[in-house]
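Peer 1: I'd like to ask you about the structure that follows.
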Amino acid sequence: MKVGVQNSMEPVGQTTFWTVFTLMSSVVGGCVLLLTSHASEPKHAQAAHVSRVSDLEVKTSIIATIGEHNSNLLDELKVEIRELRTEQRQASVEILRAIEER
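Using this note's numbering, read the sequence shown as starting at 109 and increasing by one per residue.
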């Protein structure tokens, strides 16, 4: 009997060993399968098709133009509304003066 030395680790059972081995093999096989199945797909810069990018650029410029046009129309409408408010105030003042004079 050895004094001071204790073997606290129990030996790994055969079922545990094969279970862990099977799981690790499955993980490694899945990674290899994933890498090889996606190897033929285009990468980052190559993934974008040039015609689609051109179409998107054209659509974006059209949307920007429409947005700018709408912004200009909105500015014109704001000016017209201010002018209408001024005219309405003047008309209201004239109506109130006419009522007071009676």
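From the three backbone atoms N, C-alpha and C, an ideal C-beta is built for every residue, glycine too.
Helix, strand or coil for arginine 197 per DSSP?
Peer 2: Position 89 of the sequence shown holds residue 197. Reduced to three states, the DSSP call for arginine 197 is helix.
Peer 1: Could you check what DSSP says for arginine 210 in three-state terms: helix, strand or coil?
Peer 2: Translated into positions along the sequence shown, residue 210 becomes position 102. Three-state result, arginine 210: coil.
Peer 1: In whole angstroms, give me the CA-to-CA distance for glycine 121 and threonine 127.
Peer 2: As a working note, residue 121 is residue 13 in the sequence shown. As a working note, residue 127 is residue 19 in the sequence shown. For glycine 121 and threonine 127, the distance between alpha carbons rounds to 10 Å.
Peer 1: Please classify valine 120: does DSSP put it in a helix, a strand, or coil?
Peer 2: Numbered from its first residue, the sequence shown carries residue 120 at position 12. Coil at valine 120, not helix or strand.
Peer 1: How long is the line joining the alpha carbons of aspartate 183 and glutamate 195, rounded to whole angstroms?
Peer 2: Start at 1 with the first residue of the sequence shown, and residue 183 comes out as number 75. Start at 1 with the first residue of the sequence shown, and residue 195 comes out as number 87. Roughly 19 Å between the two C-alpha positions.
Peer 1: Classify histidine 146 as helix, strand or coil using the three-state DSSP reduction.
Peer 2: Taking the sequence shown and counting its residues from 1, one reaches residue 146 at position 38. Looking at histidine 146 - three-state DSSP - the assignment turns out to be coil, as it is neither helix nor strand.
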